[in-house]
Amino acid sequence: MKINPKNGIDKLIFGMKQNDVTAIYGKPDRNYKDEDDNVIFAYNKLKMRLTFYVEEDFKLGYIVASSPELELFGNKVINRKISDVKKDLAAKGITKFTQEEFDTFENYFNEENWIIFQTEFDEVVKFEIGAIINQKDEFDWKFGKK
Numbered sequence: 167m168k169i170n171p172k173n174g175i176d177k178l179i180f181g182m183k184q185n186d187v188t189a190i191y192g193k194p195d196r197n198y199k200d201e202d203d204n205v206i207f208a209y210n211k212l213k214m215r216l217t218f219y220v221e222e223d224f225k226l227g228y229i230v231a232s233s234p235e236l237e238l239f240g241n242k243v244i245n246r247k248i249s250d251v252k253k254d255l256a257a258k259g260i261t262k263f264t265q266e267e268f269d270t271f272e273n274y275f276n277e278e279n280w281i282i283f284q285t286e287f288d289e290v291v292k293f294e295i296g297a298i299i300n301q302k303d304e305f306d307w308k309f310g311k312k
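Quick note, this note's numbering runs 166 ahead of the 1-based positions in the sequence shown.
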């Protein structure tokens, strides 16, 4: 499954509605609302959790994924050492990361592409990607754009 920075993962594109997603991947294994009333779809087989923002007319705005099939620029990311992943990204000009630590986990956040690599014991265990917010402080929805 290909990660498309600033756009989404695989066939998922930021700005899709719930029916666009179910047309591609079918019904989610879980469908619930979070504490902010956003709609969450969870797909077990894909190992992905999708967030549709209530304040944005339920558009897909955030994806959390942990599938070992995830690829960024042709390289797998899950279960790899963060130093190796960062080396691959540096070759593509992505070098700025904010690092946060909690318990045995560390997050490496790149704001420009709105991506987070979550590591445990120095290996990437989870990947998060969010829709980009533009200069006008609005979401830059990619779905339906040509």
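Note that beta-carbon positions come from the ideal geometry of N, C-alpha and C, so glycine has one too. Source: prediction; values computed, not measured.
Inset, instruction - Tell me whether the beta-carbon of LEU309 lies closer than 7 Å to the beta-carbon of MET182. - result: Checking the displayed sequence, the identity of residue 309 turns out to be Phe instead of Leu. The answer is yes: Cβ separation under 7 Å.
Inset, instruction - State the start and end residues of the unbroken alpha helix (DSSP H) segment that holds LEU255. - result: 248-256
Inset, instruction - Give me the Cβ distance between GLY259 and TRP280, rounded to the nearest whole Å; I'm assuming they're in contact under 8 Å. - result: Actually they are not in contact, since the Cβ atoms of GLY259 and TRP280 sit about 16 Å apart, beyond 8 Å.
Legend entry - Nearest candidate by alpha-carbon position, reference VAL187, set GLU286, GLU221, PHE263 and LEU212: LEU212
Legend entry - Residue ranges of each beta strand (DSSP E) within the segment 167-237, 3 or longer: 196-199, 205-209, 214-219 and 225-231
Legend entry - Backbone secondary structure at GLY296 - three-state DSSP: strand
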